[in-house]
Structure formats: C-alpha cells, structure tokens
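A quick write-up on the structure given underneath.
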Amino acid sequence: MLLNLSILTLNVWGIPFPFISKDREARIAAIGLELSSGKYDIVSLQEVWSRKDCETLKNATESVLPYAHYFYSGVIGSGLLVLSKYPILSSFFHPWSVNGYFHRIQHADWFGGKGVGLCRILVDKHVVHLYNTHLHAEYNNNNDDYKTHRVIQAFDTAQFIRATRGDSVLQVLAGDLNAQPHDLTYKVLLYTSKMKDCCNSKNIVTNEYQKNSYTSNNGANASPGIHIDHIFARSSENIALSIIDYGLPLTETVPGQNFSYSDHEAVLAKLHLRDAAHNIGEGACAAVTSINNDNFISEEAPFKTEGCFISRRVAALHESISLCETSLEQLNVDRIFYYSVAVILAFILVIFLEYPAPLGFKTVYIILKLLISGSLLFCIFMGSVWNYMELNGILSGKVGMELMLRSIEVFENVPKQ
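Here the sequence shown stands for residues 1 to 417, numbered as in full-length UniProt numbering.
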C-alpha cells in the first residue's frame, strides 16, 4: 500500500451579515479559485454559513474536487464543508451536548448547532476518515465563560474519533479548534483521541497573523498571533504515517487585491502512508515521522513512550474533571440567582397588576408590564430548563472522563493521583 494525501483546512470567515466578515463574497470567490488549482486532495472548511457561499465553493471546485458534503445543523448550519477529490462513501454529524448560550446572540455559536462531522472517503480502495470541526470560540481570554464547554466538546470529539475508527487506514481531524497547544482543550483532544499533531513548531500562527490584512494594528503589535487551526492524524496499526510537508500556503494576499483570503490562515499537511515493516500497535508514539521540515512532529517529539503519553492524558483528564466540578458549582449559584430574580420580578408584576396606570402613562405602563413579564419568563427558563440542560451536558462529560480515568488506572497500570 502506498498513499499520498494533501489535506487543507481553513476557517473562511463567512459570517453572512453586513459589516462583520469584510470582503466576504470576493474572498469566497478567491478561495474557490485557489481550491480549483488541483493542489489539494481533501479540503476541510469552517464558517461556511451561507448557502450561496457553499454553492459558490462547490461549483468552483467541482472539476478537481467533485465530491462535497455540507453538515446541516442548528439554526444557521454548522458551517462545516468538506470537498474531496475522492468519493465520499458516507457521513455523520455528532452534535455536542454543551454549545454556548442562546441568549448571547452576539456570539452566535449556539445558533450554529456545532459538533464534529465525519466523512468516510474512499482513497484508492482504502477508507480514510476525515473529521471536520469548529469548537466554541473563546471571546475573552481573561474571563472565559466557555472554557468548560470547549473542554467537553474536545473530550466528546476525541471519544467520537476513537469510537468511529472502524476499518479506516487513516483518521484525520482538520479544523478550527479555538485552542492553542498549551490549552487544556488541545491537550484533552489530542491525548484522549490518541492522535498526533502534524505540527511540531512553536512558530506557527493561524490567527491574528501579523501579515494578515484583517489583523488590527493593535493586535499585531500586542502579540505575534495564535495557533488555533490544526491538523491531527492517526494511522491504523499496520500503517506507517509520514508527514511530507506542513505549512501555511495562503499567507499572501489574494492575487491582485489588498486583502487576505480570511482572518485565519489555511493549514496544509501532505501525508504519506505505507505498509509498516512491523506491527506498530496503538501505543507506539513514534508512528508518525517527518521528512525535511522543522514544522513536523518527529520521532523525537514529544510522545516518545507510551508511558509519557498516558501520564499526559491522565493529567489532562484530572484537570478537566476539576474544571467540570467548578462549573457545576457555578450552575447551582446561577440557578439560585435566576430564581431569586424571578421572585422579585413576580412581586413587582403583582404590584403593577393590582394598581391601575397613572393618567397619561397607560402605554408606558403596558410596556413595563411586558418587559417585566418577559424578564420573569426568561429567569424561570434559565433557572430551570436551561440550567438543567447545561448541568446534564457537563455531567455527561465529567462522568465520561471519570470512567476513562478509572479504565486507565485499572487496565494501563497508572497509579491514582
């Protein structure tokens, strides 16, 4: 067996609302033109939230990437689009149990119904699993209300990847993880899924890149940018995986224009698969090798032994469980807060109902009663239905982590912490 695959991932920044995603239509057309060049075998796109943009990309690439699949979900769609040179045999979308908040309209992640999408792709009689995903955004680094949601999304995605390994010779996760290599979200997803990051460079920047036309001057001066778009890979037990090339192919502006392809950078990994000389096994951390590029993960980095890999996974799980426990405590506080506010609003509403409107203020009186009634219903909903939905979503992730931790301690001989 001998396979070569070029896999590209890009967050296209395709929010279909005025004044948000700048130059969107021109950028989408330019992205379609670049993808039609024939350089790429499989393309994983995020934030394709307009059906028009989706059709534009499909039509532009149908001659070289004739197979396409969009994952429909939520109110506005997941934004996940896969384009492939090879036939897509089947697909499946797994939505996450926690996915932000519906009332924070300015963030909009909840409306996308986010999750992880799987495409089973037939490459020269071999099955390759491509996973496309876009985890919840951070928004505020100093006060990250979504950290627990992202960690559970990462754990859920890792579990999904492990559960759907099946007959695939290669599993590839390519997407916007909204997580840097030092983040807990990244560690949980990487270590729990038993995949390998195709990149081993600390200098890769995929968002807020200084050369990107959409990076503000303040952002460019404040930091060198962040690495949140990733490609992870894992081959089957009897297949050796090598990374031939890894990098950012679209760092320059669109030809003839003064703007970039997106506010994110595209990430490209060229993979080479061959029959292994011997049975590598699941635990072998040197299954991924590199060729002629410092950006690759190599045999020396960073999971040299299975013991190292397991200890990192255990540490990440312990930290994640602790984070879940903190969030569950906060949910209890939130429930009490919403119910308390609901009682106060109910008392005020009774007063409004008992006393007639002052002369000349009837319209204002009605508006105030409607506002109070709406706020009362919102607090009751948030303190009951929504609170328990989030609680059960976090509990589901926490229990799954504890179960995995126990199985590691029992079957992989790791001492309890």
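We put the CB at the ideal spot given by N, CA and C, even for glycine.
Per DSSP, the bridge partner or partners of residue i
i, result
"V123", "H126"
"Q171", "H129 and R234"
"A240", "R274"
"residue 469", "This structure cannot settle anything about residue 469, because the visible part of the chain is limited to 1 through 417."
"D176", "H134 and D229"
"L2", "R274"
Cutoff 7 Å; reference residue i; Cβ partners in own chain excluding five residues on either side
i, result
"I344", "none"
"D334", "N387"
"G77", "W49 and G112"
"V64", "S36, G38 and K85"
"L13", "According to the sequence displayed, residue 13 carries Trp and not Leu. Once the five neighbours on either side are set aside, the close Cβ partners of W13 are S21, E47, S262, D263 and H264."
"L118", "S91, F92, H129, Y131 and T164"
"I101", "Correcting the residue identity first, residue 101 is Tyr in this sequence and not Ile. W110."
"I228", "D176, L177, N178, A179, Q180, T206 and N207"
Cut-off 6 Å between Cβ atoms - residues of its own chain near residue i, not counting five sequence neighbours on either side
i, result
"V116", "H94, Y131, T133, T157 and F160"
"Y67", "S84, P87 and I88"
"F411", "none"
"I380", "A342"
"G383", "R335, Y338 and Y339"
"S97", "G393 and S396"
"A60", "G32 and S36"
"D270", "In the sequence on display, residue 270 carries Lys and not Asp. Around K270: S6, I244 and D245."
"Y186", "A179"
"S320", "V151, V188 and M401"
"I42", "I7, S84 and L130"
Terminal residues of the alpha helix (DSSP H) in which residue i lies
i, result
"L370", "K362 to F381"
"E409", "N387 to F411"
"T206", "Segment: none, T206 is in no alpha helix (DSSP H) and carries neither H nor E."
"Y261", "Element bounds for Y261: n/a, residue is neither H nor E."
"S193", "L184 to S193"
Element boundaries [beta strand (DSSP E), containing residue i]
i, result
"H149", "Segment K147 to A163 is the alpha helix (DSSP H) holding H149; no beta strand (DSSP E) there."
8 Å Cβ shell around residue i - same chain, five flanking residues per side excluded
i, result
"C54", "V48, Y70 and L81"
"G281", "Here the model assigns G281 a pLDDT of 46, short of 50, so the residue's position is not dependable and the matter cannot be decided."
"D144", "E138"
"A277", "A240"
"F155", "V188, L189, T192, S320, G397, G400 and M401"
"S213", "T253, N258, F259 and S260"
Cβ of residue i within 7 Å of any chain C Cβ
i, result
"V254", "The displayed structure is made up of one protein chain only, and chain C is not part of it."
Evaluate the contact criterion for the stretch 124-135 versus the stretch 162-177: three or more CB pairs, one atom per stretch, below 8 Å.
yes
Contained beta strand (DSSP E) runs [length at least 3] in the stretch 4-63, N- to C-terminal order:
42-48
Write down every uninterrupted run of the beta strand (DSSP E) in the stretch 58-117 whose length is 3 residues or greater and which is fully enclosed by it, in chain order.
You should have 67-70, 81-84 and 88-95.
Under 8 Å, with one C-beta from each stretch per pair, do the stretch 393-411 and the stretch 339-358 reach the 3-pair mark?
No: fewer than three Cβ pairs fall under 8 Å.
Between the stretch 71-84 and the stretch 356-374, do three or more beta carbon pairs fall short of 8 Å?
no
contact_flag[the stretch 27-47, the stretch 161-169] where n(CB pairs < 8 Å) is 3 or more:
Taking a contact to require three or more Cβ pairs closer than 8 Å, the stretch 27-47 and the stretch 161-169 do not qualify as touching.
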